[in-house]
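Trainee: Numbering (this note's numbering), first residue to last: 4 to 452.
Idealized CB from N, CA, C, for every residue including glycine.
Quick one: the structure is below, questions incoming.
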């Protein structure tokens with residue numbers, strides 16, 4: 004540790020979180036970019052490809068709580084590094100399924116996608132833990148918004164690159180390239196990430212600034228025992244504040260997964276655009292979502308520095324952003340393409356502003372189980388990755404159009420607003436109660452005497 008030199012190591016840590024989250028979302032998108040060519044080469048139908056797409060979501064949701072427990076038990080640095088390495092290895096291996104018989108290729112691809120989802124499960128709870136450890140409360144909203152906005156940046160940066168790789172070299176190579184990139188990054192992670200108190204480049208002044216202003220600098224300090232107690236989950240699930248946050252995150256993710264799944268189809272089928280044009284148009288909400296995501300965090304922390312309460316500073320951008328995201332419903336009443344694109348882009352911009360759930364998790368998670376708390380939050384939120392595409396599919400099948408689908412997505416935004424305004428209440432850190440210790444039975448006590 005440097006005693007006198009002024010340092011800003013926490014910004015390097017934030018850069019690492021942004022980069023790893025960008026790689027994370029790029030690896031999720033590999034199958035979508037390669038999907039059309041893969042389907043043609045393997046001779047599989049759309050239903051089979053749909054099952055392959057779904058493998059990631061089921062495993063990702065199932066792995067959240069175990070992933071959070073591992074983070075609390077073994078620390079963010081090591082668990083996250085292992086997560087990066089394994090999901091990248093499973094991504095790379097997908098590039099070799101083309102040489103297998105079709106039946107084996109499908110089963111292998113499904114299995115590898117499932118394993119990618121399970122391996123990525125600790126990533127966002129890990130991000131939240133690291134932000135809680137490295138950033139003071141008044142900087143936490145911006146830090147959380149920056150790493151969360153990497154999901155939009157990944158689409159804008161890597162989708163064209165991966166598309167070029169598939170077009171030039173074949174679909175197999177996109178998995179190999181992205182997998183190799185992640186494996187290399189896992190080594191960089193191990194050289195760069197430390198707990199604040201153990202980082203070799205941090206100055207004493209920066210450490211004191213973090214610690215004295217709400218940073219949990221000793222979060223990964225070695226503790227005895229077998230890790231966080233599972234009984235703590237009951238305390239989290241009985242917190243009205245957290246239940247409101249979980250419901251809000253589910254609804255926010257419903258908006259996200261509309262854009263990730265059905266939005267290009269909407270542009271082609273409902274608006275008559277070509278797939279090439281739809282692909283270009285679909286990137287515009289991602290760019291605006293990135294801008295909105297960063298802006299929401301900056302605005303929230305600015306409000307906090309101006310002396311506003313934590314509750315007001317977090318809720319105002321969330322509520323205003325989500326109300327803005329309901330503007331997608333206006334697409335049902337306009338015909339001009341530029342107006343459709345404008346309302347959709349405005350909606351995703353608003354969703355970016357309102358996506359401060361991870362900042363709230365960092366603000367409220369108990370120190371003992373920050374990873375488990377983040378995992379539980381992400382479990383509820385990512386159920387939307389399973390339900391949203393299915394519900395919208397049923398709506399379109401029943402009505403023959405997207406009109407009620409847009410109403411459904413807009414309604415999710417309103418439910419999230421209600422959740423934060425009515426259910427959540429004041430935002431504050433959860434104080435856990437230690438589970439009661441079991442007293443020895445009288446006979447056992449007499450036997451020892």
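If I measure Cβ to Cβ from residue 21 and keep anything under 7 Å in the same chain, skipping five residues before and after, which residues do I get?
Mentor: Around residue 21: 149, 150 and 153.
Trainee: Would you list the one or two residues that DSSP bridges to residue 98?
Mentor: DSSP output for residue 98 lists no bridge partner at all.
Trainee: Secondary structure at residue 374, three-state DSSP: helix, strand or coil?
Mentor: If DSSP states are grouped into helix, strand and coil, residue 374 belongs with the helices.
Trainee: Comparing C-alpha positions only, which one of 376, 266, 95 and 256 sits nearest to residue 234?
Mentor: Taking only the C-alpha atoms, the option nearest residue 234 is 376.
Trainee: Rounding to the nearest angstrom, what Cα-Cα distance links residue 67 and residue 329 in this structure?
Mentor: Rounded to whole angstroms, residue 67 to residue 329 spans 29 Å at the Cα level.
Trainee: Leaving out the 5 sequence neighbours to the left and right, which residues in its chain are closer than 7 Å to residue 227 when beta-carbon positions are compared?
Mentor: Because residue 227 carries a pLDDT of 49, less than 50, the predicted location of this residue cannot be relied on, and no value is offered for it.
Trainee: For residue 442, which residues of its own chain have a beta-carbon under 6 Å away from its beta-carbon, when the five flanking residues on both sides are left out?
Mentor: Note that residue 442 has pLDDT 47, beneath the 50 cutoff, so the model's placement of it is unreliable and no number is given.
Trainee: For the alpha helix (DSSP H) that contains residue 323, what are its first and last residues?
Mentor: Its alpha helix (DSSP H) spans residues 313 to 328.
Trainee: For the alpha helix (DSSP H) holding residue 309, just list the boundary residues, first then last.
Mentor: Careful: residue 309 lies outside any alpha helix (DSSP H) and carries neither H nor E.
Trainee: Which class does residue 227 belong to by DSSP, given the choice of helix, strand or coil?
Mentor: Residue placement at residue 227 cannot be trusted, given a pLDDT of 49 that sits under 50; what the coordinates show is reported in the next sentence. Residue state, collapsed to three classes: coil.
Trainee: For the pair the segment 93 to 108 and the segment 126 to 133, tell me if three or more CB-CB distances fall below 8 Å.
Mentor: At 8 Å Cβ cutoff, the stretches do not touch.
Trainee: Between the Cα of residue 267 and those of 254, 288 and 111, spot the shortest distance and give me the residue it belongs to.
Mentor: If we check each option's Cα against that of residue 267, 288 comes out closest.
Trainee: Pairs of beta-carbons, one from the segment 135 to 145 and one from the segment 349 to 366, closer than 8 Å: are there three or more?
Mentor: Contact between the segment 135 to 145 and the segment 349 to 366 is present, because at least three Cβ pairs lie under 8 Å.
Trainee: Flag this pair as touching only if the segment 321 to 335 and the segment 402 to 410 have three or more C-beta atom pairs under 8 Å; answer yes or no.
Mentor: Segments in contact, yes.
Trainee: In angstroms with no decimal places, state the Cα-to-Cα distance between residue 207 and residue 196.
Mentor: The alpha-carbon atoms of residue 207 and residue 196 are separated by roughly 17 Å.
Trainee: Is residue 172 buried or exposed, if buried means 16 or more other CB atoms sit within 10 Å of its CB?
Mentor: It is exposed - the Cβ of residue 172 has fewer than 16 other Cβ atoms within 10 Å.
Trainee: Buried or exposed for residue 127, please, with buried defined as at least 16 other CB atoms from any protein chain shown within 10 angstroms of its CB.
Mentor: Buried is the call here.
Trainee: Please name the residue, chosen from 215, 165, 402 and 321, that lies closest to residue 422 on a Cα-to-Cα basis.
Mentor: Nearest of 215, 165, 402 and 321 to residue 422, Cα basis: 321.
Trainee: Which term fits residue 339, buried or exposed, when burial requires 16 or more other beta carbons within 10 angstroms of its beta carbon?
Mentor: Exposed, because fewer than 16 other Cβ atoms sit within 10 Å of the Cβ of residue 339.
Trainee: By the three-class DSSP mapping on this structure, what secondary structure does residue 138 have?
Mentor: DSSP places residue 138 in coil when its eight states are reduced to three.
Trainee: If I'm right that residue 326 touches residue 306 with Cβ under 8 Å, what's the distance once you round it to whole angstroms?
Mentor: With 8 Å as the limit, residue 326 and residue 306 do not qualify as a contact, their Cβ atoms being about 17 Å apart.
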